[in-house]
Amino acid sequence: MSYYYWQKPGVVRLTKVFIFNVTNPEGVLRRGERPRLVEVGPYVYREEMEKVNVKFHDNDTVTFQHRKILHFVPEMSKDMNERICVPNIPLLTLATQSRHMPWGVQAAMSVLVRGMQNFVTVTPAEFLFGYDDTLVTLANIANTLLHINWPAPRIMSLLKGRNGTLPEVHTMYTGHTSMARMGLLDKLNGLDTLPFWSEAPCNSIKASEGSFFPPRDITHEDLVAIYDKDLCRAFPLQYRRRVDKDGISAGYYTPPDSIFAPSMEYPDNRCFCPPGESPESPCELRGLQNISPCHYDAPVFVSFPHFWNADDKLTNAVEGMTPSRDRHETFFKIQTKLGVTMEAKVRIQLNLKVDHAPYIYSVHTFPEIVFPIIWLEEGVDELTPEIHRWVYIATTAADFIIPSVEYSFIVVGALTLAAVFVRTYKGVVFTAENLERGMEELRSGSHLLVNAASHAASMATHRSGPHRDGLRDQHRDQHYHLLRSTSTAPSSSQEADAVEQAEQATELEPMVGRGPSGSPCLARAV
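First residue of the sequence shown? That's 1 in UniProt numbering, and the numbers climb one at a time after it.
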């Protein structure tokens, strides 16, 4: 079950895309107005994901690649064919990069891009999955003819690279020998550090690939991380509190306050900025992170949606930003015993940093700004019923069943001991009563024999004479009364036995003789 969940989860994973539509492009370029943005969307895609080219190794690791297919969900989406106005990303990227080029190169570029528009009108479908752009086409022609290998996409799109088998090769710890490393990356494309950043901790890949996390109940750590390709980094998550998700206890994680903090507040973030950046650069603004090294060196910056928890300079530069924690905060709900993600929402905004390019005529009036382009929400709302049942049994049900079984064994053991004690006690009492009854019977029997013998002897001394018959009856009556005296309530059978014994004793009289010492004795029959 755990391998199946990891290899092909089957959970409903949705990607929701929101695009910022520019409603005053002419005012921005000609009158210096702030860009007026209206959020349009969502455009929802269901992500079908599985891990392919899976290979297990002897050192407790497994290597794999991701295969992702996005399926459009029209019933949850806005119209994909409406027209929207967005910045011309290739043109503005070229203009920003030209600032560091010689003046002659900038002049040549100005001629090359003459007549190109700062804003383009496209449909959401074209913007997300590709439209023809002149600069992108020229870049690919130059690569082919001049063999300069200039990094450029084949088509201008934002999500096309998310479809199909992704090129990144992940090597992950399985947790077979150590649960504290379960789900953590060991290598990415054969490297144990990220090539985009030159220093630690920015180049660290000590993070989960997203399916499992080291269980908090084992590591006792409040900070975990997930590798996000779009962010080009290990994205930290901090434990906040315990929550309930569909009847299962989980930990609630959100990014720490230091995630997009300026290096003056959090020095570990300094390695995300290029060397020589001034404290006033966008890279040093709260709420932004430079990710251009892994996006064709385009001046792309990432933030939370609507510049939530960011510097006021960013929100004041445009109109239409409405930051909200409920709608724009990233969070994970992770089961702390198994490290399984119960629910997650990763919410990220992509922004284009535009620098003023006075020598590129087409863009010389475009403001110097961090321009919001789109924001995305990727996440899982719930597990499949099969996986939820497995997690519930392994965690919540086990917490009830195991103590119940333990207490049941204790109760059964106590009842067994009590039964044995009662049975033993009854046996001892019953044996004591039997012994007492037996001793009483022995005492009664001994009195009977002694008195019977005594009467027999006395009868022998008077066996002759006229009173023989009368004495026999008298002795029999005395013996009968003697037996009655040994028992307070003789039964009829006891009375009959006593009469018979008395008669037998009387009949023994002819056999009584004198022993050598002159004492009466019973004659032995020969």
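Ideal Cβ placement from N, Cα and C applies to all residues, glycine included.
Note that the structure is a prediction, hence the values are computed from the model and not measured.
For the beta strand (DSSP E) containing residue i, name the first residue and the last one.
| i | result |
| --- | --- |
| Ala107 | Ala107 -> not in any beta strand (DSSP E); alpha helix (DSSP H) instead, spanning 103–112. |
| Gln117 | Here Gln117 belongs to no beta strand (DSSP E), and DSSP marks it neither H nor E. |
| residue 535 | What is shown of the chain runs 1 to 526, which leaves residue 535 out entirely. |
| Ile393 | Taken as a continuous stretch (DSSP letters only), Ile393 belongs to no beta strand (DSSP E), as it is neither H nor E. |
Based on the DSSP secondary-structure assignment, which residues constitute the bridge partners of residue i?
| i | result |
| --- | --- |
| Thr123 | Answer is none; Thr123 lacks a bridge partner. |
| Met156 | Tyr131 |
| residue 537 | What the structure shows of the chain is the stretch from 1 to 526, and residue 537 is not part of that stretch, so it cannot be assessed. |
| Met80 | None; Met80 has no bridge partner. |
| Lys333 | Tyr252, Glu343 |
| His170 | Phe64, Leu188 |
| Tyr227 | Ala234 |
| Val370 | Lys353 |
| Gly164 | Lys68 |
| Val380 | Arg13, Ala344 |
| Ser208 | Leu184, Ile226 |
Is the separation between the beta-carbon of residue i and that of residue j shorter than 8 angstroms?
| i | j | result |
| --- | --- | --- |
| Gly320 | Ser303 | no |
| Arg67 | Gly210 | no |
| Val340 | Gly379 | no |
| Asp246 | Thr336 | no |
| Met156 | Val169 | no |
| Val370 | Phe301 | yes |
| Thr174 | Asp60 | yes |
| Asp222 | Ile348 | no |
| Ala250 | Pro214 | no |
| Asp326 | Val12 | no |
| Arg31 | Thr23 | no |
| Trp103 | Tyr359 | yes |
| Phe331 | Tyr253 | yes |
| Arg162 | Leu70 | yes |
| Thr396 | Leu338 | no |
| Val86 | Val62 | no |
| Tyr392 | Ile248 | yes |
| Ser362 | Val113 | yes |
| Arg270 | Ser263 | yes |
| Arg233 | Cys202 | yes |
| Pro236 | Pro267 | no |
| Thr123 | Glu82 | yes |
| Ala317 | Arg34 | yes |
| Ser208 | Thr193 | no |
What are the boundary residues of the alpha helix (DSSP H) that includes residue i?
| i | result |
| --- | --- |
| Thr219 | 216–219 |
| Pro42 | Element bounds for Pro42: not the alpha helix (DSSP H) but the beta strand (DSSP E), 37–56. |
| Thr193 | Taken as a continuous stretch (DSSP letters only), Thr193 belongs to no alpha helix (DSSP H), as it is neither H nor E. |
| Ala250 | Looking at the DSSP string, Ala250 is not in any alpha helix (DSSP H); the run it does join, the beta strand (DSSP E), is 248–254. |
| Arg286 | Element bounds for Arg286: n/a, residue is neither H nor E. |
| His306 | It is not in any alpha helix (DSSP H) - His306 carries neither H nor E in the DSSP assignment. |
| residue 583 | No statement about residue 583 is possible, as the shown extent of the chain runs from 1 to 526 and does not include it. |
For residue i, does the three-state DSSP call read helix, strand or coil?
| i | result |
| --- | --- |
| Ile19 | strand |
| Asn316 | helix |
| Pro490 | Residue confidence for Pro490 is low, a pLDDT of 48 falling below 50, so the modelled location carries little weight and cannot support an answer. |
| Thr137 | helix |
| residue 579 | With the chain covering only 1 through 526, there is no way to say anything about residue 579. |
| Cys85 | strand |
| Tyr3 | helix |
| Ile291 | coil |
| Ser178 | coil |
| Ser362 | helix |
| Ser268 | The question names Ser, but residue 268 in the sequence shown is Asp. Note: Asp268 maps to helix in three-state DSSP. |
| Gly27 | helix |
| Phe213 | coil |
| Asp244 | strand |
| Phe301 | strand |
| Gly32 | coil |
| Ser98 | helix |
| Met511 | Bear in mind that the predicted position of Met511 carries a pLDDT of just 43, short of 50, making it unreliable; the figure below should be weighed with that in mind. In the structure shown, Met511 sits in a helix (DSSP, three-state: H, G or I). |
| His462 | Its pLDDT being 49, under 50, His462 is placed unreliably by the model, and nothing is read from it. |
| Leu338 | coil |
| Thr93 | helix |
| Ile259 | coil |
Taking 8 angstroms as the threshold (beta carbon to beta carbon), is residue i in contact with chain D?
| i | result |
| --- | --- |
| Asn309 | No chain D appears in the structure shown, which is made up of a single protein chain. |
Looking at C-beta atoms only, is the number of pairs between the region 258–267 and the region 171–187 that lie closer than 8 angstroms three or more? no
Touch test, the region 347–354 against the region 81–98, Cβ-Cβ under 8 angstroms, three pairs minimum: yes
Assess, as a yes-or-no matter, whether the region 34–42 is touched by the region 14–21 under the definition of 3 or more beta carbon pairs within less than 8 angstroms. yes
Mind the definition here: the region 75–94 touches the region 116–136 only if three or more C-beta pairs lie below 8 angstroms; say whether that holds. yes
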